[in-house]
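Everything below concerns the one structure shown next.
4 protein chains.
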Amino acid sequence: MAEPSTQSSLRNGNNPSPSASPTRESEAPQFPEPKPTGSQPVGSDGIARTLSEVPMIDVMGGASRAQINVLDHGFIALVDCMPRLVPQGQTADAAIVQAARVSYGHGTKKVNEDRGLIRYLLRHRHTTPFEMVELKFHVCMPIFVARQWIRHRTANVNEYSARYSILPDRFYTPNLDQVRKQSSANRQGGEELFRVHDDAQELKTAQDFVKFLDDVEGFYQRYLSLTEQGVSREMARIGLPVNMYTEWYWKCDLHNTLRFLSLRIDSHAQAEIRAYAEAMLKLIEPLAPATVEAWRDYDVGSMHLSRLEIDALKSLAAGGSGTLASDNSRERTEWAAKLEKLGFRA
Amino acid sequence: MAEPSTQSSLRNGNNPSPSASPTRESEAPQFPEPKPTGSQPVGSDGIARTLSEVPMIDVMGGASRAQINVLDHGFIALVDCMPRLVPQGQTADAAIVQAARVSYGHGTKKVNEDRGLIRYLLRHRHTTPFEMVELKFHVCMPIFVARQWIRHRTANVNEYSARYSILPDRFYTPNLDQVRKQSSANRQGGEELFRVHDDAQELKTAQDFVKFLDDVEGFYQRYLSLTEQGVSREMARIGLPVNMYTEWYWKCDLHNTLRFLSLRIDSHAQAEIRAYAEAMLKLIEPLAPATVEAWRDYDVGSMHLSRLEIDALKSLAAGGSGTLASDNSRERTEWAAKLEKLGFRA
Amino acid sequence: MAEPSTQSSLRNGNNPSPSASPTRESEAPQFPEPKPTGSQPVGSDGIARTLSEVPMIDVMGGASRAQINVLDHGFIALVDCMPRLVPQGQTADAAIVQAARVSYGHGTKKVNEDRGLIRYLLRHRHTTPFEMVELKFHVCMPIFVARQWIRHRTANVNEYSARYSILPDRFYTPNLDQVRKQSSANRQGGEELFRVHDDAQELKTAQDFVKFLDDVEGFYQRYLSLTEQGVSREMARIGLPVNMYTEWYWKCDLHNTLRFLSLRIDSHAQAEIRAYAEAMLKLIEPLAPATVEAWRDYDVGSMHLSRLEIDALKSLAAGGSGTLASDNSRERTEWAAKLEKLGFRA
Amino acid sequence: MAEPSTQSSLRNGNNPSPSASPTRESEAPQFPEPKPTGSQPVGSDGIARTLSEVPMIDVMGGASRAQINVLDHGFIALVDCMPRLVPQGQTADAAIVQAARVSYGHGTKKVNEDRGLIRYLLRHRHTTPFEMVELKFHVCMPIFVARQWIRHRTANVNEYSARYSILPDRFYTPNLDQVRKQSSANRQGGEELFRVHDDAQELKTAQDFVKFLDDVEGFYQRYLSLTEQGVSREMARIGLPVNMYTEWYWKCDLHNTLRFLSLRIDSHAQAEIRAYAEAMLKLIEPLAPATVEAWRDYDVGSMHLSRLEIDALKSLAAGGSGTLASDNSRERTEWAAKLEKLGFRA
């Protein structure tokens with residue numbers, strides 16, 4: 000039974016990081032041990048309540064908010080999750096295992112077996128148990144990031160309304176050495192940075208871009224002034240740029256959150272939303288460590304071989320050339336990159 | 000700060016029911032008071048954790064499960080929710096208000112203002128804040144009920160698998176005085192009961208029906224035996240009837256749960272699923288009392304007037320006949336019923 | 000059987016508008032009459048194909064696109080729908096009726112009975128049959144409108160990407176007499192117009208606002224120039240304002256399209272998205288006339304009475320005062336407005 | 000311009016199968032050629048209609064239904080799709096390409112480029128363009144199959160109601176040589192058949208199983224009789240088994256249909272639903288041939304390598320052992336199977 004004097008040292012029972020866990024295991028805040036029976040008779044309200052048989056801990060360690068700052072004025076904060084309370088020694092992974100085991104009626108298993116089950120589920124696309132964990136974030140991000148984010152439809156969102164309220168003076172402006180060039184190889188991308196330290200012309204372009212954003216931001220005062228003169232807020236804001244920050248609550252189950260991460264942590268995603276995805280991952284990992292580990296192994300760190308690529312690899316194994324049976328140059332290029340990553344030479 | 004000795008008296012801080020709340024307010028289990036600052040500096044992991052400024056309580060009162068038995072062998076149990084921890088004195092309604100107020104950036108308001116806001120949101124179909132509350136149930140119900148239930152698509156479900164596991168011997172059989180006749184007025188319904196105490200013929204029919212179910216249930220041993228002889232479980236079960244019980248975890252946000260309730264607590268829903276809806280409502284009400292109250296006023300207890308019905312009521316107000324301008328007999332019958340409910344005579 | 004010479008006069012069989020239907024009924028383009036049997040034997044591919052028993056017509060009248068221009072540079076165009084081909088004399092309403100009748104196995108009914116069934120379904124919230132009709136639109140709208148629109152999650156969307164492509168020079172600018180004031184009564188709204196013809200000060204403010212948008216639009220050349228200097232498109236566009244036009248394909252079923260319309264045609268919706276909703280309704284109405292009629296009667300033109308309002312009306316019917324039993328001033332104001340609309344005096 | 004006399008030979012313009020395409024290309028039923036201008040002025044209704052610039056054909060070849068029978072009494076029939084009308088020489092693939100190209104504003108491309116684009120989209124998980132194609136099926140299947148099917152939530156469904164209507168006398172019974180044993184290796188599966196020709200004991204068990212189903216089916220008359228005696232249909236049916244057939248309309252976009260197929264055509268799916276998936280694929284393939292081809296290459300025929308498996312393959316390429324760095328026996332077994340499929344020996 001935890002002593003009162005230690006309960007003020009709130010910690011996240013799942014997070015081994017020293018800064019997050021300054022206290023000993025035994026000092027973790029927890030629910031008191033229930034009565035031995037573990038269940039109560041049906042009350043006069045017709046409801047039978049069962050007490051937890053083991054002490055419960057808050058997976059957020061007593062915090063109401065865990066926040067990481069992103070970009071120049073943004074942030075992402077985990078503000079709630081389900082399960083929030085788990086048996087001591089466990090994490091939110093437990094809710095996934097519990098759902099998967101509804102078919103067996105088993106009692107609690109060892110954590111090691113749980114890890115194996117979670118890996119099995121994720122590997123074989125048994126996705127519904129991962130939907131049993133729910134996450135809620137408070138996010139502040141530029142509008143152009145919000146526009147990419149909202150395309151993930153399986154989430155609940157409440158956004159700040161610029162029809163009701165004045166937008167605060169927050170604009171995203173990258174540093175000079177963060178300005179990205181248009182990729183020549185990839186119509187979508189903008190990965191390469193301007194060489195602001197080595198090339199006067201490129202420095203000039205980056206400066207022009209930042210100046211452009213500064214000048215746009217200068218219009219904020221006119222926006223404010225127009226609303227003061229009575230122009231409706233919903234109308235006045237239409238001249239404001241998409242690098243303005245907005246904010247919302249975003250609530251999503253873990254399965255769909257991982258799909259969000261897979262797409263937005265990818266190198267093809269725009270760098271700004273990628274920064275949010277990376278911070279989100281950092282916030283999630285201590286909550287469901289076995290799931291995130293499996294997701295790294297079977298999703299982000301994995302490789303997909305097409306039917307043609309399997310054939311090419313088979314030919315290689317048989318002493319052949321490993322050439323892809325396709326006349327599409329892009330498919331051949333992608334295959335060459337995979338072969339190299341696998342350590343083979345075609 | 001709660002004393003350890005009182006913390007074993009777990010209770011639901013939201014539920015005024017005596018059986019659920021045997022202890023005084025001050026004895027409620029709660030999270031210890033955080034440090035005055037309410038926030039911690041950014042840790043070495045780059046995450047800034049904020050402690051709650053007020054003591055937090057478990058809206059489930061320390062219970063891991065609150066269950067109501069339904070039908071002869073079924074149940075519905077609330078097994079988790081989000082928010083699970085709320086500031087002392089509040090309920091899950093707080094998460095709805097918090098989401099709605101993201102536009103204002105306000106701090107905590109008085110509970111009374113919260114109630115007004117919740118009523119406003121529900122009345123004006125601002126549904127997204129109600130999606131910020133999540134509920135998880137463990138349900139055991141006959142397959143024919145599960146088939147109606149699953150049509151609500153905005154939920155996460157993990158069901159017991161009769162491919163993996165042997166189905167336990169649980170069949171739903173109504174009592175003789177619960178057997179329902181086919182309605183003559185309503186092709187869908189079956190509201191009227193057989194008069195088993197007053198009419199020998201009707202008693203006989205009800206007995207025949209219960210005997211029919213008993214005989215079907217008798218096949219359970221053959222199902223078991225066939226699986227023991229090596230017939231695959233996924234195949235052996237196909238001869239089992241839809242009054243067999245199955246079970247699942249069902250997780251859904253509050254907005255969509257209320258839509259489920261609106262449709263399934265309705266008098267047109269089949270009596271068996273209605274029994275589950277009524278139990279579900281009982282479990283939800285203490286978690287989000289202001290929301291459920293508003294839903295009763297603006298949804299289940301409300302009335303919808305069509306354009307033609309508005310016109311008819313206007314004619315009545317002007318001293319006219321209140322006749323509906325429709326030659327559809329069903330529409331006219333429905334209008335007559337509404338007028339009567341409103342206390343008017345056409 | 001239509002003559003070839005008449006088939007070039009494409010028309011919308013559902014639209015009585017003269018401009019859309021220059022030819023006689025008998026000249027409508029249609030599929031040839033099938034063989035009397037109405038079905039073919041199973042082919043060597045194992046597929047049995049059934050020919051339509053009646054001539055089929057294109058509900059879009061042979062058009063590949065039906066467009067209405069909206070705002071200064073936007074549009075909404077219906078570009079496809081399902082059903083696209085319907086039996087001659089019918090509309091897309093037929094697919095709703097067909098789905099609702101799956102329970103009866105009935106053959107075709109008279110159009111009049113179909114209308115009654117559709118009204119019944121819509122009145123009693125049997126929504127799934129309305130999901131059987133699908134609509135696809137091509138829309139060009141300002142980003143701030145797109146941001147409101149995308150909140151309707153039950154739709155499929157493909158949007159123009161400013162990461163891949165240069166945004167064309169299209170900005171929304173209202174006319175001076177379309178600039179709206181902030182409502183004092185309604186924090187959200189902006190319904191009242193500046194009196195630009197009567198009030199010099201208000202004219203000045205409206206002019207300031209339009210000038211603000213013109214100045215913002217002036218930055219477009221700098222955006223172009225920066226991309227020409229090599230700044231990535233995904234980055235250069237972040238300084239552009241939310242009154243820039245974007246475009247997308249938006250595909251949605253009829254049930255969810257009507258929910259979109261209910262919310263966005265409402266007087267609380269921002270005027271700009273309302274303009275799109277009104278144009279959308281105009282495009283849909285000829286496709287599913289009975290459904291749109293029912294929706295007008297039971298949704299947009301309807302009134303919702305809360306439990307308290309029913310009680311108040313009952314008291315009025317009984318000779319009482321009709322006062323709402325609420326101390327919430329907003330609820331009382333709303334009730335007074337309803338009473339007035341119904342022709343009663345409290 | 001097609002001659003009337005040939006138009007009665009309806010065919011699917013996309014399907015090269017001889018039986019489906021008995022007529023020459025030029026004989027395909029098609030929409031008449033539009034006027035050269037390709038667009039009409041805005042009508043008095045404010046709508047500008049554009050005529051197709053090329054003749055349009057029905058991708059279903061004039062059929063209202065294309066059906067494949069499945070199991071003993073079931074079927075799956077394609078009854079509509081969107082796009083239904085496409086430019087002559089194209090297929091429903093065209094709608095995918097059109098959506099993907101909204102970013103470019105390009106005109107029509109050659110079919111070959113379209114195929115490359117579709118492969119690119121599918122390979123790189125750009126899934127939204129595939130949502131632009133919609134399919135509608137009429138399906139008759141046993142209830143236990145329907146229960147697996149309905150778990151795919153992104154679809155619209157209207158099912159036959161046993162509350163409204165009497166269920167017809169249709170039960171699924173496998174043949175003796177289709178009865179499956181419980182797998183010892185795989186708790187889920189039942190792939191192995193009873194050896195009814197070689198083993199008397201196994202024949203006996205298979206016969207027992209079929210007899211079990213026959214006896215259950217015998218209860219159908221009691222169901223009928225009870226409804227005739229006035230027991231409500233919703234209640235009488237609860238004693239009927241899950242091998243009874245039900246039917247529904249099922250409407251889904253192509254992306255989610257392919258996800259359904261990926262999961263249900265898999266060897267881990269129950270054989271009965273797999274039979275439906277295979278028939279569905281057969282019906283879809285002629286509609287969107289490039290998409291189905293790409294899906295075969297990049298999805299069903301593909302292989303996924305985990306992070307650990309990539310490392311193992313790299314070690315093999317470097318002359319090492321190719322051993323998986325995992326102590327999980329199942330993971331190691333799966334890796335061995337993959338290696339073998341790739342032609343390597345660990």
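If you read the sequences in order, they're chains F, U, W and Z. According to numbering that gives the first Met the number 0, the first sequence is numbered sequentially starting from 0. According to numbering that gives the first Met the number 0, the second sequence is numbered sequentially starting from 0. According to numbering that gives the first Met the number 0, the third sequence is numbered sequentially starting from 0. According to numbering that gives the first Met the number 0, the fourth sequence is numbered sequentially starting from 0. We put the beta carbon where it would ideally sit given N, CA and C, even for glycine. All values derive from a computational prediction rather than experimental measurement.
Should the region 137–145 of chain F be regarded as contacting the region 62–79 of chain F, the criterion being three or more beta carbon pairs within less than 8 Å? yes
Taking the CB atoms as reference points, tell me whether Z:Asp296 and F:Leu307 lie closer together than 8 Å. yes
To the nearest angstrom, how far is the alpha carbon of U:Gly319 from that of W:Ile309? 21 Å
For Z:Thr126, which residues from the same chain have a beta carbon less than 6 Å from its beta carbon, with the 5 sequence-adjacent residues on both sides left out? His254
What three-state label does DSSP hand W:Asn155 in the structure shown? strand
Residue environment, F:Gln89, which counts as buried when at least 16 other CB atoms sit within 10 Å: buried
Drop a sphere of 10 angstroms on the beta-carbon of F:Pro35, count the other beta-carbons inside from all chains shown, and report buried for 16 or more, exposed for fewer. At F:Pro35 the pLDDT is 39, less than 50, meaning the model places this residue with poor confidence; the figure from the coordinates comes in the next sentence. Exposed, because fewer than 16 other Cβ atoms sit within 10 Å of the Cβ of F:Pro35.
So, using beta-carbon positions, are W:Leu323 and U:Leu312 closer together than 8 Å? no
Using a Cβ-Cβ cutoff of 9 Å, what residues of the region 304–322 of chain F are near chain C? List them in chain order. Judged by its chain identifiers, the structure shown contains no chain C, and its protein chains are F, U, W and Z.
Count the other CB atoms within 10 Å of the CB of Z:Arg118; is the residue buried (16 or more) or exposed (fewer)? buried
Using CA atoms only, rank isn't needed, just tell me which of W:Cys251, W:Ile272, W:Phe143 is closest to W:Asn129. Correcting the residue identity first, residue 129 of chain W is Phe in this sequence and not Asn. Of the candidates W:Cys251, W:Ile272, W:Phe143, the one whose C-alpha sits nearest the C-alpha of W:Phe129 is W:Cys251.
Chain F contact for U:Thr49 (CB, 8 Å cutoff): yes
What are the partner residues of U:Arg179, as DSSP defines its beta bridges? U:Leu192
Start-to-end residues for the beta strand (DSSP E) that takes in F:Phe136: 133–141
Check this for me: beta carbons of U:Pro82 and U:Ala98, under 8 Å apart or not? no
Say whether chain W places a C-beta atom closer than 8 Å to the C-beta of U:Arg263. no
Determine the extent of the alpha helix (DSSP H) in which W:His254 is found, giving its start and end residues. 253–263
Report the residues of the region 253–284 of chain F with a CB closer than 9 Å to any CB of chain W, ordered along the chain. Gln269, Ala270, Glu271
Residues of the region 53–65 of chain W in Cβ contact with chain Z at a cutoff of 9 Å, in chain order, please. Met55, Asp57, Met59, Gly60, Gly61, Ala62, Ser63, Arg64, Ala65
Beta-carbon neighbours of F:Phe348, restricted to chain Z and to distances below 7 Å: An answer regarding residue 348 of chain F cannot be provided, because it is not within the stretch 0 to 345 covered by chain F.
Candidates F:Glu277, F:Ala199, F:Arg273: closest to U:Asp44 by CA position: F:Glu277
Go to Z:Ser63, then tell me how far its beta strand (DSSP E) extends in each direction, as first and last residue. 62–69
W:Glu333 by DSSP, collapsed to three states: which one? helix
Can you round the beta-carbon distance between U:Arg162 and Z:Gln269 to whole angstroms, since I take them to be within the 8 Å contact cut? 7 Å
Which residue wins for smallest C-alpha separation from W:Ala145, given the options W:Arg100, W:Val96, W:Glu271, W:Met279? W:Glu271
Segment contact flag, the region 198–209 of chain W with the region 229–236 of chain W, C-beta cutoff 8 Å, min 3 pairs: no
Rounded to whole angstroms, what's the CA-CA distance from W:Ala154 to Z:Tyr219? Just pull it up for me. 42 Å
Leaving out five residues before and five after Z:Ile142 in sequence, what residues of the same chain have Cβ atoms less than 6 Å from its Cβ? Val241, Met243, Thr245
Taking the beta strand (DSSP E) that Z:Phe74 falls in, what are its first and last residues? 73–81
Look up W:Glu246 in the DSSP assignment and say whether it is helix, strand or coil. strand
State yes or no: is the C-beta of Z:Val209 within less than 8 Å of the C-beta of Z:Leu175? yes
Proximity test, Cβ basis, 8 Å: U:Val195 and chain F: no
Name the chain Z residues that come within less than 9 Å of F:Ser301, Cβ to Cβ? His303, Leu304, Ser305, Arg306, Glu308, Ile309
Could you tell me if F:Ala274 is buried or exposed, where buried requires 16 or more neighbouring beta carbons within 10 angstroms of its beta carbon? buried
What are the boundary residues of the alpha helix (DSSP H) that includes U:Val96? 92–99
Would F:Phe143 count as contacting chain W if we go by Cβ distances under 8 Å? yes
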